[in-house]
Amino acid sequence: MNYLTSSNLLPPLQSVFRHGHYTESAVLHVLSDVLLAVDRGDFAALALLDLSAAYDTVDYNILLQRLQTSYGINCSALQWFRSYLVGRIQRVRRGATISSAVHLVCGVPQGSVIGPILFVLYTADLTALVKSYGLSPHLYADDTHI
């Protein structure tokens, strides 16, 4: 986080998982965008996007490539991320019954400290895409407000 913050690499329109960017800042930003549009006489509409099982759909290869090309993470640090992500397994327990292991091919660990940050880095370019259509985005965890 120190590297990402000091290098200004985190999406500025992403609230949560960052110091000083909380639920309140997300609500205030979205409300401000709507009120400014109305004040200008523009049409204002709010689209709320909630990705289902968002953390489970992160493609390892794309994430690792983005870490390298967009964030300058290379060599042993990139290998650490690769070893952290690739080769994980999952089991399901119901009562005393445990399923057989399934090798995961995508997703970041949700219960981890770094999983949500990796998701933010994975989706960081979404704000630029939305802005390219003249719209105002704001991201909150895995939710997108447009």
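Numbering (our numbering), first residue to last: 10 to 155.
Heads up, the beta-carbon is just placed ideally off N, CA and C, and yes, glycines get one too.
Being a predicted model, the structure only gives us computed values, none of them experimental.
So for residue i, helix, strand or coil by DSSP?
i: Q119; result: coil
i: L45; result: helix
i: V111; result: strand
i: L13; result: helix
i: H147; result: strand
i: H30; result: strand
i: T132; result: coil
By alpha-carbon positions, which one of the options ends up nearest to residue i?
i: D152; options: V129, A53, H28, V43; result: V129
i: K140; options: S16, M10, P20; result: P20
i: L148; options: Y12, V39, Y93; result: V39
i: L57; options: L45, V36, I126; result: V36
i: C115; options: F52, T14, S85, N70; result: N70
i: I123; options: S61, L94, G29; result: L94
Verify whether the separation of the beta carbon atoms of residue i and residue j is less than 7 Å.
i: I155; j: L138; result: no
i: Q119; j: Y64; result: yes
i: V230; j: V101; result: Outside the displayed range of the chain (10 to 155) lies residue 230, so it cannot be described from this structure.
i: T132; j: P146; result: no
i: S41; j: S34; result: no
i: A54; j: V47; result: no
Any beta-carbon of chain B closer than 7 Å to the one on residue i?
i: A150; result: Absent here is chain B; the protein component of the structure consists of one chain.
With residue i and residue j assumed to form a contact (beta carbons below 8 Å), what rounded beta-carbon distance in angstroms separates them?
i: N83; j: Q77; result: 6 Å
i: Y80; j: L18; result: 6 Å
i: L113; j: R91; result: That pair is no contact at about 14 Å.
i: A150; j: P125; result: 7 Å
**Q.** Ordered list of beta strand (DSSP E) runs contained in the region 52–108, each at least 3 residues
**A.** 57–59
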